[in-house]
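The sequence shown begins at 0 in numbering that gives the first Met the number 0 and counts up one residue at a time.
The beta carbon of each residue, even a glycine, is placed where N, CA and C say it ideally should be.
Structure, as structure tokens:
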Amino acid sequence: MQGNRPALCLVLFSGGLDSILACRILQEQGIRTTALRFITPFFGYDLKGREAVAEAEILEKYGIDMRVIDISEPYLAMLKRPPHGFGRYLNPCIDCKILMLRQAITMMPAFGADFLATGEVLGQRPMSQRRDAMDIIERDSGARGLLLRPLSALGLKPTRMEESGMVDRSRLLGITGRGRKEQIALASRYGIKDYPAPAGGCVLADRILSCRFRKLFKHFGDIPDINSLLLAQAGRHFILPDGSWLVLGRDEKENQRIEGLVGKNDIMLRPSGIPGPLGLLRGLKDYQSVETASRLLLRYSRARGREAAVRAICRDNGSSRILKVSSASARLTESLKLSC
Ligand code: SF4
């Protein structure tokens, strides 16, 4: 209790069970929580544009007041050169957490928050949840004296919040390691049934996608814009001889996703009169690549191995053109594929 009001905590909220439990453990002792759901093109971006709906869903489902906050801009700047390096793939976990905590610290006055919390569990993740890494995160983010980890608090030094009596340490937990048993038992005690599976959600920690990102960053000489980062996460990818980038949907869902990302300088390709993928060609320099892209598209359509028509549509001026081409050979396809 601060004066005559209950303490308020900003909780870094991934949407996973651990962060749900962190909120509930604090709420159980009368502490008000606001969950900060940070999003970037690499995690949580499906919430972009539907923030209010997502916030209402979490409130309804778990009784948690959540705010969706887009941190793409500082995140992309950090990703260029994360001071603590990368994990197994393109995941800069230590700097990712430092960045999120820094963001949360700047929001504390606006929310009138007394402290911060995370759902981190000591020893759960190899890069960012080792004791030394957790210490570095706390130090370099400036969260020393402000940060509580309710799930593992009993295995960590008491914080200022516990020493001052703002938080009752005896009602915190000492969970460690990669097991999920204790969290699952706790979820059932709180009556939380429907929660997301652990891990997943961050494409920077995905073997194939992180490899693709690296290749595309190298090809573009930098981290591209958000639209291109989202495009990199769908379909089959090819780099054509003029340096342009072709993406082909693998199913209807991907076709729709790719279509939603077609920009005004892109060429959209569709097989004419036969089922097949939707193609998006970006960064065209030589018109010959429209033909090559059409041939590649046919290779994944019903017209594989034969000649067929492809409609090329220019989003910029709405003009379209039909090309009659033969489907690409296996050799040509493999030589242009961005494989990981
Ligand atoms: S897995 Fe992704 S979201 Fe999670 S800490 Fe690492 S970089 Fe950040």
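Asked, Found
"Could you have a look at residue 323 and say whether DSSP puts it in helix, strand or coil?", "strand"
"Could you spell out the range, first to last residue, of the beta strand (DSSP E) harbouring residue 306?", "306–313"
"Would the beta-carbon of residue 96 be found less than 7 Å away from any heavy atom of ligand 1?", "yes"
"Does DSSP put residue 8 in a helix, a strand or coil?", "strand"
"My parser needs the beta strand (DSSP E) runs of 3 or more residues fully inside the stretch 66–116; what are they?", "114–116"
"Which runs of the alpha helix (DSSP H) fall wholly inside the stretch 183–270 and span at least 4 residues, in chain order?", "206–219, 225–230 and 251–258"
"Pairing CB atoms from the stretch 134–145 with CB atoms from the stretch 48–56, are three or more of them under 8 Å?", "no"
"Per DSSP, which one or two residues make a beta bridge with residue 38?", "69"
"Would you check if the stretch 321–332 and the stretch 290–301 touch, i.e. whether three or more CB-CB distances between them fall below 8 Å?", "yes"
"When we look at the beta-carbon of residue 163 and count the other beta-carbons within 10 Å, is it buried (16 or more) or exposed?", "exposed"
"In or out: residue 60 buried (at least 16 other Cβ within 10 Å) or exposed?", "exposed"
"Do the stretch 92–99 and the stretch 70–81 meet, that is, are 3 or more Cβ pairs less than 8 Å apart?", "yes"
"Thinking C-beta only, is residue 32 closer than 8 Å to residue 63?", "yes"
"Quick one: grab the DSSP three-state call for residue 139.", "helix"
"With a 10 Å radius around its C-beta and 16 neighbouring C-beta atoms as the bar for buried, classify residue 346 as buried or exposed.", "What the structure shows of the chain is the stretch from 0 to 339, and residue 346 is not part of that stretch, so it cannot be assessed."
"What I want to know is whether the C-beta of residue 132 ends up closer than 7 Å to one or more non-hydrogen atoms of ligand 1.", "no"
"When every heavy atom of ligand 1 is checked, does at least one fall within less than 7 Å of the C-beta of residue 146?", "no"
"Is any heavy atom of ligand 1 found at a distance shorter than 7 Å from the C-beta of residue 140?", "no"
"Which whole-angstrom value is the C-beta distance of residue 211 and residue 335, which I expect to be below 8 Å?", "Rounded, the Cβ-Cβ distance is 15 Å, inconsistent with contact."
"Could you check which residue in 219, 262, 259 and 233 has the C-alpha nearest to that of residue 241?", "219"
"Taking the Cβ atom as the reference point for each residue, do residue 175 and residue 121 lie within a distance shorter than 8 Å?", "yes"
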